[in-house]
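Reviewing the structure listed below.
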């Protein structure tokens with residue numbers, strides 16, 4: 026990366042700006058993100074995100090649906106961690122109902138969350154390779170993801186937008202095959218994980234594309250409100266599973282992954298190492314699913330008392346907050362989603378200015394942006 | 022003379038199309054092999070007709086010329102690239118006695134002609150009047166001009182060893198063993214540099230800066246459709262064949278069978294395999310290696326690409342050249 | 002700090018602050034004193050709210066409200082700051098984007114959906130919609146085409 030004075034010099038120069046529009050349809054924006062990028066040759070001088078191409082007004086739609094129904098809309102926000110989105114909403118509603126969920130439901134939620142996290146990270150890993158010009162990782166990542174999707178399909182009936190959580194627990198009990206299939210998955214996945222390192226992590230070209238690129242310091246990461254692997258790559262501890270444990274994560278034994286580099290490679294390593302941690306959590310619970318109800322008894326019509334309820338969940342991309350303001354009726358008065366990608370995106374300009382176009386692509390890939398989560 | 026010209030021209034055209042179809046199929050199958058999947062398997066037995074179907078589709082597609090483009094240059098650019106790719110095939114000896122034109126400066130001719138293709142690419146990028154195309158073309162220009170040097174220098178190593186620029190003579194000089202075995206370490210270094218620089222000149226991954234689909238959508242051919250796009254595509258594959266054929270000829274003996282010094286009985290057994298099999302076997306092996314690169318490596322960044330050339334490959338090739346000059350003068354080679 | 006300590010801390014700064022304890026400590030402050038309080042909460046070492054988690058706009062029909070969720074990584078406490086704006090036509094509140102840079106985007110979102118203006122904001126443009134659009138998350142927003150009134 027060039028020194029800062031040189032960038033300022035370029036910014037001040039009176040030459041005509043070379044502005045290109047990356048997106049809304051572009052292979053590396055993973056959706057319909059539109060970036061206006063000002064260039065000097067290959068060097069990025071300014072990045073302006075333009076949002077709203079797929080804004081569906083989920084917050085407004087939530088105001089028109091009941092407490093049971095609005096949860097399903099949230100699967101469409103960050104569709105790669107649909108289960109965690111649903112969980113955050115269910116938790117906010119349960120908090121309002123002052124409802125304790127059964128132990129079995131808690132464990133099922135943890136298992137599903139961690140499987141979702143692995144599925145999300147494998148997809149991210151493949152897409153990262155694709156963004157850097159290596160096509161093969163995409164298929165390797167999807168090979169393992171597909172197995173998780175099959176597990177989901179069996180238990181939840183859906184592969185991507187699972188809608189498995191309801192206020193009070195989960196919708197159905199797990200499929201009888203669930204444990205067996207997760208065990209086979211774990212065996213295969215642990216065998217496959219070293220391949221991930223062989224294909225990308227150790228590659229010289231990959232490391233030179235990643236190391237020292239898109240650096241964000243811990244202070245800046247905090248100031249920009251970054252959460253999840255983006256902040257943890259800068260050494261900021263922010264894992265909600267550790268900070269404010271929810272739904273049985275108190276008992277889970279795992280390490281919060283922290284890397285101190287703050288560059289793309291650190292963010293990459295955080296996610297790769299998180300997959301190992303997720304495997305650890307799944308192994309811990311898969312044989313210890315307690316017997317009992319999978320759902321607490323609730324009334325058909327859920328009404329929340331007047332008040333405000335806030336729940337926080339660690340999704341695959343960072344902290345998701347669900348803020349419900351209730352006026353005592355069947356429908357929420359106001360629902361606000363604090364989506365992790367939205368805050369992470371705001372740091373993009375800070376990271377990308379001064380780098381090359383290729384760096385911008387690498388930074389976007391390691392931010393792991395999911396655009397529907399930003400546009401909501 | 023004229024009849025000869027027409028026959029050879031038709032053969033080259035036919036071969037180019039045939040090669041492109043074979044390479045598209047091969048690339049798809051190699052990619053599938055690398056990516057734990059099956060690859061094309063529906064059109065024809067084992068999907069062999071898939072590439073034919075692709076070509077047919079591209080032929081029938083509408084060729085769109087953007088309104089704001091420079092129409093003449095826009096339509097002219099693919100022809101330059103294609104013609105240059107075909108011209109470079111002229112001095113390559115495909116088999117014993119099968120050579121279009123054994124020019125006495127064959128090696129020089131190939132490196133001269135193949136660098137014209139950058140003009141076609143720059144033309145395409147400029148005439149498209151698209152910023153992505155322009156960026157892609159500029160990248161490609163910088164890249165081909167710089168990697169031309171290393172490729173040229175590594176070729177000179179073999180020229181020095183063989184003492185001739187004619188490809189026919191170079192093949193003949195390998196009757197007692199291929200240069201990669203006879204030429205000591207300098208030949209091996211030159212071979213490695215040649216493959217790297219050749220891949221870069223082809224604009225193929227990990228050096229596909231000019232296309233870089235995740236950065237520039239499709240680089241210099243973003244605005245091209247239909248047959249004109251297909252010409253760029255075909256030219257890339259024909260160029261790939263040329264580079265690999267030159268690599269095989271210079272370093273791996275071309276059509277010359279595997280000979281070990283004056284071990285006559287062994288050499289006779291090897292001679293039973295037809296020379297055309299030797300040539301295409303070696304060429305396809307190199308093509309497979311280049312495809313292997315593409316499907317495993319991530320792409321370099323433009324500044325890293327130029328750093329690699331100017332700071333590493335160039336000095337190494339220069340030093341290598343001096344070394345080989347010393348070897349030739351002292352007659353240390355076999 | 003505990004909630005009680007936080008209360009005394011904030012009362013020292015803004016005497017007219019209204020407290021409410023639910024899940025977190027809720028503090029309603031007047032708009033003109035909001036910025037100085039926010040700055041103080043960020044910089045004072047005994048409070049040190051370094052994470053601005055979330056900025057929410059709320060339409061209470063008679064007034065508008067901006068809700069800030071703040072978290073301190075050092076002290077592990079969370080508070081909710083609320084600013085009530087009675088002017089519905091031209092609601093204004095000071096920006097905190099110079100204290101927490103993440104606020105720049107969050108405030109643009111609130112501006113886009115509620116029409117609340119943030120003074121001194123570096124780049125206050127609509128985030129999702131074009132400039133002629135109404136403010137869709139306000140309760141009096143009418144859309145005859147896409148919103149079905151039941």
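Residue numbers (this note's numbering), protein chains in the order written: chain A, 26 to 401; chain B, 22 to 355; chain C, 2 to 151. Every residue gets a Cβ at the ideal spot worked out from N, C-alpha and C, and that includes glycine.
- Does DSSP classify residue 126 of chain B as helix, strand or coil? In the second chain, the residue the question calls residue 126 of chain B occupies position 105. Three-state DSSP puts residue 126 of chain B in coil, outside helix and strand.
- Entirely within the stretch 280-342 of chain B and at least 4 residues each: give me those alpha helix (DSSP H) ranges in chain order. DSSP runs (the alpha helix (DSSP H)) wholly in the stretch 280-342 of chain B: 285-292, 296-317, 323-328.
- Measure the CB-CB distance between residue 81 of chain C and residue 28 of chain C and report whether it falls below 8 Å. Residue mapping note: residue 81 of chain C aligns to position 80 of the third chain, counting from 1. Residue mapping note: residue 28 of chain C aligns to position 27 of the third chain, counting from 1. In this structure, residue 81 of chain C places its C-beta atom within 8 Å of the C-beta atom of residue 28 of chain C.
- Minimum Cβ-Cβ distance from residue 325 of chain B to chain A less than 8 Å: As a first step, residue 325 of chain B is located in the second chain; it is residue number 304 there, counting from the start. At least one chain A Cβ lies under 8 Å of residue 325 of chain B.
- Indicate whether residue 130 of chain A and residue 195 of chain A have their beta-carbon atoms separated by less than 8 Å. Taking the first chain and counting its residues from 1, the one referred to as residue 130 of chain A is at position 105. Taking the first chain and counting its residues from 1, the one referred to as residue 195 of chain A is at position 170. In this structure, residue 130 of chain A sits near residue 195 of chain A, with a CB-CB distance shorter than 8 Å.
- For residue 59 of chain C and residue 101 of chain A, believed in contact at Cβ under 8 Å, the rounded distance: To locate residue 101 of chain A, count along the first chain from 1; it is residue 76. To locate residue 59 of chain C, count along the third chain from 1; it is residue 58. About 23 Å; that fails the 8 Å criterion.
- Task: Pick out whichever of B/216, B/290, B/210 has its Cα sitting closest to the Cα of residue 337 of chain B.
- Result: Taking the first residue of the second chain as position 1, residue 337 of chain B is located at position 316. Nearest C-alpha to residue 337 of chain B among B/216, B/290, B/210: B/210.
- Pick from B/155, B/92, B/250, B/229: whose alpha carbon is nearest that of residue 83 of chain B? Within the second chain, the letter at position 62 stands for residue 83 of chain B. Of the candidates B/155, B/92, B/250, B/229, the one whose C-alpha sits nearest the C-alpha of residue 83 of chain B is B/250.
- From the beta carbon of residue 371 of chain A, is the nearest beta carbon of chain C less than 8 Å away? Locating residue 371 of chain A in the first chain gives position 346, counting from the first residue. The beta-carbon of residue 371 of chain A is placed less than 8 Å from the nearest beta-carbon of chain C.
- Item | Short-range partners of chain A found in the stretch 302-327 of chain B, where Cβ spacing is below 9 Å | Flagged, chain order: 315, 316, 317, 318, 319, 320, 321, 322, 323, 324, 325.
- Mind checking who residue 332 of chain A pairs with in its DSSP beta bridge? Numbered from its first residue, the first chain carries residue 332 of chain A at position 307. Note: residue 332 of chain A sits in a beta bridge opposite A/351.
- Three-state secondary structure (DSSP) of residue 228 of chain A: Residue mapping note: residue 228 of chain A aligns to position 203 of the first chain, counting from 1. Coil at residue 228 of chain A, not helix or strand.
- Item | CB contact below 8 Å: residue 247 of chain A versus chain C | Stepping through the first chain from its first residue, residue 247 of chain A is reached at position 222. When Cβ-Cβ separations below 8 Å define contact, residue 247 of chain A makes contact with chain C.
- Query: For residue 218 of chain B, which three-state DSSP category applies?
  - Reply: Taking the first residue of the second chain as 1, we reach residue 218 of chain B at position 197. Assigned with DSSP and collapsed to three states, residue 218 of chain B falls in helix.
- Message: If the cut-off is 8 Å on Cβ atoms, which residues from the stretch 27-45 of chain C count as contacting chain A, listed in chain order?
- Response: Answer set for the stretch 27-45 of chain C: 27.
- Pair within 8 Å by beta-carbon distance, residue 226 of chain B and residue 318 of chain B: For this step, residue 226 of chain B is matched to residue 205 along the second chain. For this step, residue 318 of chain B is matched to residue 297 along the second chain. A contact, by the Cβ cut-off of 8 Å.
- Three or more C-beta pairs closer than 8 Å, one from the stretch 199-213 of chain A and one from the stretch 178-190 of chain A: is that the case here? Result yes; three or more Cβ-Cβ pairs closer than 8 Å.
- Minimum Cβ-Cβ distance from residue 89 of chain C to chain A less than 8 Å: The residue labelled residue 89 of chain C in the question sits at position 88 within the third chain. Not closer than 8 Å to any Cβ of chain A, the Cβ of residue 89 of chain C fails to qualify, so no.
- Message: Contact defined as beta carbons within less than 8 Å: I believe residue 107 of chain B pairs with residue 37 of chain B. What is the distance between those atoms, to the nearest angstrom?
- Response: For this step, residue 107 of chain B is matched to residue 86 along the second chain. For this step, residue 37 of chain B is matched to residue 16 along the second chain. The Cβ separation is near 6 Å, so the contact holds.
- Item | Residue from C/48, C/25, C/118, C/138 whose Cα sits closest to the Cα of residue 75 of chain C | In the third chain, residue 75 of chain C corresponds to position 74, counting from 1. It is C/48 whose Cα lies nearest to the Cα of residue 75 of chain C.
- Query: Given a threshold of 16 other Cβ atoms within 10 Å of its Cβ, counted over all protein chains shown, does residue 242 of chain A qualify as buried or as exposed?
  - Reply: As a first step, residue 242 of chain A must be located in the first chain, where it is residue number 217. Exposed: under 16 other Cβ atoms inside 10 Å.
- Please state whether DSSP places residue 344 of chain B in a helix, a strand or coil. What you label residue 344 of chain B is simply residue 323 of the second chain in a count that begins at 1. Helix at residue 344 of chain B.
- Message: Comparing C-alpha positions only, which one of C/149, C/142, C/110 sits nearest to residue 55 of chain C?
- Response: In the third chain, counting from the first residue as 1, residue 55 of chain C sits at position 54. Considering only C/149, C/142, C/110, the residue with the shortest C-alpha distance to residue 55 of chain C is C/110.
- What number of angstroms, rounded off, separates the C-alpha of residue 78 of chain C from the C-alpha of residue 50 of chain C? On the third chain, residue 78 of chain C is found 77 positions in, with the first residue counted as 1. On the third chain, residue 50 of chain C is found 49 positions in, with the first residue counted as 1. In this structure, the alpha-carbon of residue 78 of chain C lies about 8 Å from that of residue 50 of chain C.
- Would you decide whether residue 319 of chain A is buried or exposed? Buried here means 16 or more other CB atoms lie within 10 Å of its CB. Your numbering for residue 319 of chain A matches position 294 in the first chain. By the beta-carbon neighbour count (other beta carbons within 10 angstroms, threshold 16), residue 319 of chain A is buried.
- Query: Exposed or buried, residue 24 of chain B, counting other C-beta atoms within 10 Å across all chains shown (16 or more means buried)?
  - Reply: The count along the second chain starts at 1 and reaches residue 24 of chain B at position 3. Answer is exposed; the Cβ neighbour count stays below 16.
- Message: Could you tell me which whole alpha helix (DSSP H) segments of length 4 or greater appear in the stretch 23-111 of chain B?
- Response: Listed in chain order, they are 23-55, 71-81, 92-108.
- Task: Specify, as a first and last residue, the run of the beta strand (DSSP E) that residue 155 of chain C falls within.
- Result: Given a span of 2 to 151 for chain C in the structure shown, any question on residue 155 of chain C remains unanswerable.
- Item | Minimum Cβ-Cβ distance from residue 25 of chain C to chain A less than 8 Å | The residue you call residue 25 of chain C lines up with position 24 of the third chain. True, the Cβ-Cβ gap to chain A drops below 8 Å.
- Query: Can you round the beta-carbon distance between residue 161 of chain B and residue 140 of chain B to whole angstroms, since I take them to be within the 8 Å contact cut?
  - Reply: Here the question's residue 161 of chain B lines up with position 140 in the second chain. Here the question's residue 140 of chain B lines up with position 119 in the second chain. About 11 Å; that fails the 8 Å criterion.
- Just grab the DSSP bridge partners of residue 239 of chain A for me. What you label residue 239 of chain A is simply residue 214 of the first chain in a count that begins at 1. BP columns for residue 239 of chain A are empty, so no partner.
- Using 10 angstroms around the beta-carbon of residue 80 of chain B, count the other beta-carbons present and answer buried if the total reaches 16, otherwise exposed. Numbered from 1 along the second chain, position 59 holds the residue referred to as residue 80 of chain B. Taking a 10 Å sphere around the C-beta of residue 80 of chain B, we find fewer than 16 other C-beta atoms and assign the residue as exposed.
- Task: Following the continuous beta strand (DSSP E) through residue 21 of chain C, name the residue where it begins and the one where it ends.
- Result: Position 20 of the third chain holds residue 21 of chain C. Residue 21 of chain C -> beta strand (DSSP E) spans 19-22.
- Task: Specify whether the stretch 144-155 of chain B and the stretch 91-110 of chain B touch according to this definition: at least 3 beta carbon pairs, one from each stretch, less than 8 Å apart.
- Result: Between the stretch 144-155 of chain B and the stretch 91-110 of chain B, the count of Cβ pairs shorter than 8 Å is three or higher; the stretches touch.
- residue 138 of chain C versus A/343, A/88, A/238, A/234, residue with shortest Cα-Cα distance: Walking along the third chain from the start, residue 138 of chain C turns up at place 137. That would be A/88, whose Cα lies nearest to the Cα of residue 138 of chain C.
- Do we get a CB-CB distance below 8 Å when we pair residue 59 of chain A with the residues of chain C? By one-based count along the first chain, residue 59 of chain A stands at place 34. Residue 59 of chain A does not count as touching chain C.
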